[in-house]
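Residue numbers (this note's numbering): 45 to 476.
C-beta: ideal position from N, C-alpha, C; glycine also.
Remember, predicted model here, so these are calculated numbers, not experimental data.
First the structure, in the form of structure tokens, and then the observations on it.
See the structure below:
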């Protein structure tokens, strides 16, 4: 048995850093027992190892600074757009990357300094850009001519911008999370980027301070990142180079993502070869920053043995849509018996009315039974982001745990809130 109490010591690299198993077999995160959290807050429930998240942010921040003095780590907040996460990232000295008005509002509400906020996106609206300009955010990433046209109508003072380029790098990940290839909807091919940069050289307000690129997500090797950094040399020298994020995560024991040190070593070595020595190097981790610190807890509704063994929980596509969208292979455990060796292979399924509502194909579980608490590891990224109301499911709560105490970060959606968006019969006679 592992020192932390897991039945398999290899699970320690999948579950949060501050995960352990109590003497009674219950899984703890940040000193809080998952079966007890499930009772207190209800399920499905997103649970975050707060100290693990802070430590990961510090490792990114300090690790990059040690290798490249003029550097900045920006939290790619689309991975976990929770106000508490924005506030923690800002407190830990990270900049904030946002990709829409809602994320920008969360960043501002959290108290993050506007000058450390970056806005990007391939189809920014005039409203989003006006909000960014009015807030005085530090950097806007130009995705093309439309951004220039809209900003021309808004700006009355200088605004730092980066031009997003397509580096032409295939990161060898699923199409849905690949953004660096020639067919990407994001950014401009290098020849078009060069023309835009030249045209903006005399612009009275748009101050092109550098380049932005991003090759994709869940990248499980460092070589594509190296090629992406090297691609910027064609466009000359700038004060700032934002090379995006994308480092992969170990969701399953079969995965072996590069270590943070290996990733930082590779990108800074490439930067030393092709970037000006005094330039600022910016990276935007999201998935690899937050995924491991989070788990999702469910209650088992039933166990059914027909053509296969089905363990059905009270969540599914509504709270873990990235399983279907991004082909994730999550690692489950029975949180009531986290020290017990699995004796059952089952289809871990959700309650949404689709055959594709399959959380884990061939899950190995320890004597699963109705009422058990099942936990999926490494779900800190994109679970909450993509939560929805499929079949009328309510969006789950988010809880941060540290030193044996839990703090509610997002309340569970109520049925009143669920119904509140609809125009009902008291306002419109729909039956007529």
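Checklist entry - Sorted by chain position, which residues of the same chain lie with C-beta nearer than 7 angstroms to residue 144's C-beta, five sequence neighbours on each side aside? => result 165, 172
Item to check | Cβ-based neighbour list, residue 352, same chain, cut-off 8 angstroms, excluding 5 preceding and 5 following | outcome: 390, 391
Checklist entry - If you compare alpha carbons, which of 60, 78, 61, 236 is closest to residue 68? => result 78
Checklist entry - Below 8 angstroms between beta carbons: does that hold for residue 442 and residue 453? => result yes
Next on the checklist: Given a cut-off of 8 angstroms on the beta-carbon distance, is the pair residue 209 and residue 181 in contact?
Outcome noted: no
Next on the checklist: So, under 8 angstroms CB-CB, residue 386 and residue 408 are touching, yes? Tell me the CB distance rounded to an integer number of Å.
Outcome noted: 4 angstroms
Checklist entry - Going by Cα to Cα distance, which pick from 80, 88, 262, 128 is closest to residue 345? => result 88
Checklist entry - Between the beta-carbon of residue 114 and the beta-carbon of residue 369, is there less than 8 angstroms? => result no
Item to check | Exposed unless 16 or more other CB atoms sit within 10 angstroms - verdict on residue 288 | outcome: buried
Checklist entry - When we look at the beta-carbon of residue 427 and count the other beta-carbons within 10 Å, is it buried (16 or more) or exposed? => result buried
Next on the checklist: Per the DSSP calculation, residue 72 is bridged to which residue(s)?
Outcome noted: 64, 77
Item to check | Own chain residues within Cβ distance below 6 angstroms of residue 302, not counting five before or after | outcome: 266
Checklist entry - Would DSSP call residue 432 helix, strand or coil? => result coil
Checklist entry - Below 8 angstroms, can you find three or more Cβ-Cβ pairs linking the stretch 420-437 to the stretch 318-338? => result yes
Checklist entry - Hey, out of 191, 298, 49, whose CA is closest to residue 514's CA? => result This structure cannot speak to residue 514, because the chain is shown only from 45 to 476.
Checklist entry - From residue 292 to residue 179, what does the alpha carbon distance come to, in whole angstroms? => result 33 angstroms
Checklist entry - Do the stretch 315-323 and the stretch 236-247 touch if we need at least three Cβ pairs shorter than 8 angstroms? => result no
Checklist entry - In its own chain, which residues sit with a C-beta less than 6 angstroms from the C-beta of residue 45, not counting the 5 before and 5 after it? => result Residue confidence is low: residue 45 scores 42 on pLDDT, short of 50, so the model does not pin down where it sits. No coordinate-derived value is stated.
Checklist entry - Can you tell which of 124, 66, 70 has the C-alpha that lies nearest to the C-alpha of residue 444? => result 124
Item to check | Distance, residue 100 Cα to residue 205 Cα | outcome: 28 angstroms
Item to check | Status (buried if at least 16 other CB within 10 Å, exposed otherwise) for residue 94 | outcome: buried
Next on the checklist: If distances are taken between C-alpha atoms only, which option among 334, 412, 362 comes closest to residue 348?
Outcome noted: 412
Item to check | Alpha-carbon to alpha-carbon, residue 76 and residue 384 | outcome: 19 angstroms
Next on the checklist: On a Cα-Cα basis, can you pick out the residue from 438, 238, 249, 247 that is closest to residue 256?
Outcome noted: 238
Item to check | Extent of the continuous beta strand (DSSP E) run through residue 285 | outcome: 284-286
Checklist entry - When the Cα of residue 333 is compared with those of 97, 65, 380, which residue comes out closest? => result 97
Next on the checklist: Looking only at its chain, what residues have a beta carbon closer than 8 angstroms to the beta carbon of residue 201, apart from the 5 residues adjacent to it on each side?
Outcome noted: 249
Checklist entry - Since residue 328 contacts residue 286 with CB under 8 angstroms, what's their CB separation in whole angstroms? => result 7 angstroms
Checklist entry - Can you tell which of 306, 315, 163 has its C-alpha closest to the C-alpha of residue 487? => result As displayed, the chain neither begins before 45 nor continues past 476, which places residue 487 out of reach and without an answer.
Checklist entry - Do you know how far the Cα of residue 278 is from the Cα of residue 361? => result 43 angstroms
Next on the checklist: Taking the straight line between their C-alpha atoms, what separation do you get for residue 153 and residue 127?
Outcome noted: 7 angstroms
Item to check | Reference residue 203; option with closest CA among 162, 355, 377 | outcome: 162
Checklist entry - Going along the chain, which residues of its own chain have a beta-carbon closer than 6 angstroms to the beta-carbon of residue 459, five neighbours each way excluded? => result none
Checklist entry - Between residue 72 and residue 82, is the Cβ-Cβ spacing less than 8 angstroms? => result no
Next on the checklist: Give me, in chain order, the residues of the same chain whose beta-carbon lies closer than 7 angstroms to that of residue 136; leave out the 5 immediate sequence neighbours on both sides.
Outcome noted: 98, 101, 102, 105
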